[in-house]
Amino acid sequence: MSRPSPLLPDALVRIDQISATGRQIEVEADAEALARLTERLKVSALERLSARLTATRFRGGVRVVGRLQGRVVQPCVITAEPVTQEIDEPVDRVFLPASQRAHEPEPGSEIFVELEGEDPPDYIDGPDLDLAELLVETLALAIDPYPRAPGASLDTLELDDGDVEESPFARLKDLKPRSDGR
């Protein structure tokens with residue numbers, strides 16, 4: 001049985017090949033990967049995706065730092081015309097061996113969550129570190145959920161409010177006694 005090809009082959013790193021000084025990783029999505037990510041992220045098009053990363057040994061694991069860049073096309077939420085967004089996001093993530101994973105808390109025990117602290121590490125199990133999911137997650141969080149074309153607003157749509165049904169509360173207002181005694 002053959003193993004499925006990784007989403008971004010350049011993002012697959014052998015941990016034992018990371019030297020003490022670190023390893024430079026350059027990821028460039030090809031046309032097939034861009035098409036698969038376009039479908040996965042449910043955008044009109046993903047025109048470009050690249051990342052320049054440095055992986056270094058860190059606390060028995062790996063720390064990955066760098067930048068992700070890309071170009072996404074989505075429909076405007078008002079006019080539905082295509083809107084292009086340039087993505088330029090920092091990447092900083094720590095991966096520790098699964099053996100260092102904290103034990104699951106007992107049911108009913110208190111858990112302290114520090115909202116302003118560092119993100120918790122991800123855990124790896126095996127000799128390979130696949131950075132594709134890290135890059136997809138970073139990209140997905142950077143995409144504008146409500147893209148607008150320049151100058152687009154609800155006022156530009158010239159919606160006709162004349163046929164709007166009267167509110168039931170407006171009718172109740174008519175039943176309320178007036179201050180002038182009528």
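Per UniProt numbering, numbering through the sequence shown is continuous, rising by one, with the last residue being 182.
Note that CB positions come from ideal geometry on N, CA and C, so glycine has one too.
In the displayed model, D144 falls within coil according to three-state DSSP, outside both helix and strand. In this structure, the straight-line span from the alpha carbon of P121 to that of T38 is close to 28 Å. Q17 sits exposed, since fewer than 16 C-beta atoms from the chains shown fall within 10 Å of its C-beta.
Taking every protein chain shown into account, the CB of A20 has fewer than 16 other CB atoms within 10 angstroms, so this residue is exposed. Counting along the chain, the unbroken beta strand (DSSP E) around R93 starts and ends at 82-97. In the structure shown, R171 adopts helical secondary structure according to DSSP, grouped into three states. Here P75 has S44, E81, P82, V83, P147 as same chain residues with Cβ atoms under 8 Å from its own Cβ, once five neighbours each way along the sequence are excluded.
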